[in-house]
Amino acid sequence: MVVGVRFRRASKLYDFSTNGLNDLRAGDEVIVETSRGREMGRVIIGPHEVDESQIVGELKPVERRATPLDRLQARRWERREGRALEKCRQKVAEHGLPMKVIAAEYNFDGTRLVFSFTAEKRVDFRALVRDLAKTFHARIELRQVGVRDEAKFFGGLGPCGRELCCRAWMTDFSPVSIKMAKHQGLPLSPTEISGVCGRLLCCLAFEEEHYVEARSKLPKVGTEVTTPSGRGKVVAVNALKETVSVLLESEAVVEVDAATLQQGSAPEEAAEADEAEPQGDDEA
-1 MVVGVRFRRA
9 SKLYDFSTNG
19 LNDLRAGDEV
29 IVETSRGREM
39 GRVIIGPHEV
49 DESQIVGELK
59 PVERRATPLD
69 RLQARRWERR
79 EGRALEKCRQ
89 KVAEHGLPMK
99 VIAAEYNFDG
109 TRLVFSFTAE
119 KRVDFRALVR
129 DLAKTFHARI
139 ELRQVGVRDE
149 AKFFGGLGPC
159 GRELCCRAWM
169 TDFSPVSIKM
179 AKHQGLPLSP
189 TEISGVCGRL
199 LCCLAFEEEH
209 YVEARSKLPK
219 VGTEVTTPSG
229 RGKVVAVNAL
239 KETVSVLLES
249 EAVVEVDAAT
259 LQQGSAPEEA
269 AEADEAEPQG
279 DDEA
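Going by this note's numbering, the residue at position 174 of the sequence shown is 172; the numbering climbs one at a time, nothing skipped.
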């Protein structure tokens, strides 16, 4: 039996063996051993069976349920993270390094301290790590992250007025391309399709599959079609409405339901309803 455990809001879920604690429930706090040392996490998915083929790497066990004392210890280290962040920024300035430290995170027992930072290029921070280790008497890890990770950490509101998806619920960042905005007929102005991080909006990818499927059923821009109003050429496609805009031969533009279109060249009128059959030789 395994449980799904999360360590921070909107972070990845990790599977752990229940280690006999099969009465764990979603919401319970547990102590587990991770690659970063001991951590306190929250059960998000209760005990369930998982096929061995789906397990990647070693499945570590849940050590135990978190106690009130464990929670106090975790909160104590969390309160120290703010001071650690300010001290690290001070050290970065002293070393003259071109990096922006955005977060400090202690593990459960304070034996490991992770600083997340952004930088435009690779930074040699070996001397800084040694300095920080002497200052905090803990194992130091410096982790370079991108601008999208920075937005996820600080949070905020998107252009839609709602909390950033990356902060609220997203656990991974999917690739986003300008082609997705084109598929959805959105204006390609960077200010209109970019998030607070300055990158393309993550939500462009959410409906991409639907738009691709819908557009595959519609004629492409430039296709010659026949409409109830006459012949013309497709100049725009609206995948959501399943309509196309057609420039008619009269130079008028009409929006037409795609189901009413005929593609290709106009059908030619039949020369004659009945064609004369070819004459054969009369039998002798």
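Glycine included, each C-beta is placed from N, C-alpha and C at the ideal position. This one's a predicted model, so the numbers in the text were calculated from it and none came from an experiment.
- The straight-line gap separating the alpha-carbon atoms of Gly2 and Ile42 is approximately 6 Å.
- For the pair Glu148 and Leu111, the CB atoms are not nearer than the 9 Å cut-off.
- The residue from Glu222, Thr189 and Glu240 with its alpha-carbon nearest to that of Val233 is Glu222.
- Under the criterion of beta carbons closer than 8 Å, Asp68 and Ile100 do not qualify as touching, at roughly 27 Å.
- By the neighbour-count criterion, in which 16 or more other beta carbons inside 10 Å mark a residue as buried, Cys158 falls on the exposed side.
- Pairing Pro173 with Tyr209, the inter-Cα distance amounts to about 16 Å.
- A buried status is given to Ala64, since no fewer than 16 other beta-carbon atoms sit within 10 Å of its beta-carbon.
- Secondary structure of Pro45 (DSSP, three-state): strand.
- Within the same chain, and ignoring the five residues on either side of Ala24 in sequence, the residues whose Cβ sits closer than 8 Å to its Cβ are Val41, Ile42, Ile43 and Gly44.
- Put simply, the stretch 178 to 191 touches the stretch 200 to 207. At least three CB pairs are less than 8 Å apart.
- For Gln142, the uninterrupted beta strand (DSSP E) segment begins and ends at Arg137 to Gln142.
- About 6 Å separates the beta carbons of Thr16 and Val60, which is inside the 8 Å limit, making them a contact pair.
- Here Glu103 is buried: its Cβ has 16 or more other Cβ atoms, across all protein chains shown, within 10 Å.
- Between the beta-carbon of Leu246 and that of Gly228 there is about 5 Å, and that keeps the pair under the 8 Å contact cut.
- Under the DSSP assignment, Arg23 falls outside any alpha helix (DSSP H); it carries neither an H nor an E label.
- When the beta-carbon positions are compared, Phe115 and Val145 stay at least 9 Å from each other.
- Listed in chain order, the non-local C-beta contacts of Asp107 below 6 Å within the same chain comprise Arg36, local neighbours out to five positions each way being set aside.
- With a beta-carbon spacing of about 18 Å, Met38 and Ala82 fall beyond the 8 Å limit used to define contacts.
- Here DSSP, grouped into helix, strand and coil, assigns Ile191 to helix.
- In this structure, DSSP gives Glu205 a state outside helix and strand, which the three-state scheme calls coil.
- Burial is judged here by how many other beta carbons sit within 10 angstroms of a residue's own beta carbon; Thr241 has at least 16 and is buried.
- Taking 8 Å as the upper bound for CB-CB distance, Ala237 and Ala212 are in contact here, some 4 Å apart.
- Around the Cβ of Phe123, a 10 Å sphere holds 16 or more other Cβ atoms; the residue is buried.
- Around the beta-carbon of Val235, 16 or more other beta-carbon atoms lie within 10 Å, marking it buried.
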